[in-house]
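Every letter in the sequence shown is one number past the one before it in this note's numbering, and letter 120, counting from 1, is 118.
Glycine is no exception: its CB is placed at the ideal position from the N, C-alpha and C atoms.
Notes follow the structure.
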Amino acid sequence: MRRAGRKKKPLTIQPIKCVVMLSSDEEHDCIAAEKKENKQLKRIMEFADNNNLIPMKVFRRGIFGRRLSDEVFYRAIRYMRAGKADALIVANLDAISDGIADSYLKIGVVREAGFRLFSVDEKEPKVDLYIPPKRGDMQ
């Protein structure tokens, strides 16, 4: 049972501009997909308010298949690389990935670009990824 009124420490102290990525498992019914994405958006907005995250743009997958879903993900990464946001928020990692290998790939792409990934269910996924030093940094 949850305790009412219990305040948790936010994930970030400084406000961070974020991109929200919505996804549902519906592939045939557009209305059902939109309803599920709206529920996800409510959860994500509540999570963002509690953790000093400022949603700047919402990317919706809709009823797209896997290939177009990946395109939407990479469009969100390009939006962040343009300097308009510093993090990506999803409801859970299943929303952006196909399986374990794909989730490692997506987390790696976000981290390699220098951004953070937040998930409502997993908070900030802690995946041990080795990031080698750049060639100019080696001695």
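Given a threshold of 16 other Cβ atoms within 10 Å of its Cβ, counted over all protein chains shown, does residue i qualify as buried or as exposed?
i           : result
residue 59  : buried
residue -1  : Low local confidence applies: a pLDDT of 46 at residue -1 is under 50, so the model's placement there is unreliable, with the coordinate-based value given in what follows. Exposed, since its Cβ has fewer than 16 Cβ neighbours within 10 Å.
residue 49  : buried
residue 104 : buried
residue 94  : buried
residue 42  : buried
Helix, strand or coil, according to DSSP, for residue i in the structure here?
i           : result
residue 45  : helix
residue 118 : coil
residue 109 : helix
residue 87  : strand
residue 11  : coil
residue 55  : strand
Verify whether the separation of the beta carbon atoms of residue i and residue j is less than 8 Å.
i           : j           : result
residue 14  : residue 84  : yes
residue 147 : residue 108 : Residue 147 lies beyond the range of the chain shown here (-1 to 137); nothing can be said about it.
residue 54  : residue 34  : no
residue 119 : residue 89  : yes
residue 64  : residue 96  : yes
residue 24  : residue 61  : yes
Round the Cβ separation of residue i and residue j to the nearest angstrom and send it over; I've been treating them as touching at under 8 Å.
i           : j          : result
residue 46  : residue 87 : 6 Å
residue 51  : residue 16 : 5 Å
residue 147 : residue 75 : The first residue shown for the chain is -1 and the last is 137, placing residue 147 beyond what the model contains.
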